[in-house]
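K.L.:
For the sequence shown, my numbering assigns the number 350 to the initial residue and increments by one for each residue that follows.
For every residue, glycine included, the Cβ atom is placed at its ideal position computed from N, Cα and C.
Here the structure is a predicted model, which means the values were calculated and not measured.
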Amino acid sequence: MGNFIGWLGALLLIFLAGFGLTQWLDLPFGNFIDWVIGASIFVWLIIIVTVPWNVYFQSKAVLNQAEISKDKGIAVDENQLPYVRSLAQKSLGLAIALHVISAIALYVLASSGVGTIGYVGAIAALMLTILRPAISAYEYIAQRLRLISQQIDYPREDVMELRQRFINLEESVRQINEQLSTENPYSWVTKYEQFADETRKDLSRLGANVEDLRATNDRDHDRLARESRQAIAQLSADSQFLEQVREIIRFFKSA
């Protein structure tokens, strides 16, 4: 809507500039009423040439695309197609009716002597009734040819298969991202970090146990060394006692 208002504003400026220039140059291009009628006719012809015909040809394009999809086995919402067909028929009838009514109205306007430009507008309305569909038909044929060329180069089955592969790749990438995310408590990264933490704790416990075993082993060695020295010392004392007993026995024998 904003673009349309801006377009009308630009057209108004062009109209005023053209009328002022012709008056300043004193050119015989009609009075102000003729210019107003001409601008109004121009705007009206643009509207009736653009709006209903665009709706008609867009509806036909949708129907054609639906037929192609059905031929390819692609599901189409059949409930929407009757509305599109009805819209195409109504827009075509409206476009032709607007052209005919506009031509008659402009001819009557010119015949009444309000403005001679009405004859030109009536002729333009009738010519555009044929010219606009011809231009759109050419565009439609060109679009169909481009579509056929694209279907030859890139068949719809291949496009659908590529789309499905792309969707599968997106899903795979999403799953990999979830498995690599540290925010996911069940991801590979989170499980690896948990395993690494548990492994470090186990290694710390094993290191502490090794230190405890080393300290216990050192204490046991010291105890065994002391007991060995004590046993050796006891054996030395016992051997000395036995030697003294033998000396006493020898003394009594010799006496």
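Alpha carbon to alpha carbon, what distance is there between R514 and M350?
P.N.:
Because M350 sits at a pLDDT of 43, beneath the cut-off of 50, its placement in the model cannot be relied upon, and the point is left open.
K.L.:
Does the stretch 440-447 come close enough to the stretch 520-530 to have 3 or more Cβ pairs within less than 8 Å?
P.N.:
no
K.L.:
Buried or exposed, going by whether 16 or more other CB atoms sit within 10 Å of the CB of Y432?
P.N.:
exposed
K.L.:
If you draw a straight line from the alpha carbon of F353 to that of I397, how long is it in whole angstroms?
P.N.:
Low per-residue confidence applies at F353: pLDDT is 46, beneath 50, and the placement is therefore not dependable, though the value from the model is reported in the following sentence. Computed Cα separation, rounded: 14 Å.
K.L.:
Count the other CB atoms within 10 Å of the CB of W402; is the residue buried (16 or more) or exposed (fewer)?
P.N.:
buried
K.L.:
Look at the alpha carbon of L496 and the alpha carbon of N413, and state the distance between them as a whole number of angstroms.
P.N.:
Whole-angstrom Cα-Cα distance: 11 Å.
K.L.:
Where does Y405 land, buried or exposed, given buried means 16+ other C-beta within 10 angstroms?
P.N.:
That one is buried.
K.L.:
Around the C-beta of I390, are 16 or more other C-beta atoms found within 10 angstroms, so that it is buried, or is it exposed?
P.N.:
buried
K.L.:
How many angstroms separate the CA atom of L573 from the CA atom of D561?
P.N.:
L573 and D561 have their C-alpha atoms spaced approximately 18 Å apart.
K.L.:
If I measure Cβ to Cβ from S435 and keep anything under 8 Å in the same chain, skipping five residues before and after, which residues do I get?
P.N.:
The answer is none, since no qualifying residue turns up.
K.L.:
Is it the case that the Cβ atoms of E527 and N533 are separated by a distance below 7 Å?
P.N.:
yes
K.L.:
Give every residue of the same chain whose Cβ lies closer than 8 Å to the Cβ of S585, excluding the five residues on either side of it in the sequence, and list them in chain order.
P.N.:
Taking S585 as the centre and dropping the five residues before and after it, the same chain places no C-beta closer than 8 Å to its C-beta.
K.L.:
Does T531 come out as helix, strand or coil in the three-state DSSP assignment?
P.N.:
coil
K.L.:
Would you identify the three-state DSSP class for S536, choosing helix, strand or coil?
P.N.:
coil
K.L.:
Run the CB neighbour count on A582, radius 10 Å, all protein chains shown included, and call it buried at 16 or more, exposed below.
P.N.:
exposed
K.L.:
Look up F544 in the DSSP assignment and say whether it is helix, strand or coil.
P.N.:
Three-state result, F544: helix.
K.L.:
Would you mind stating whether A437 and K409 have Cβ atoms separated by less than 7 Å?
P.N.:
yes
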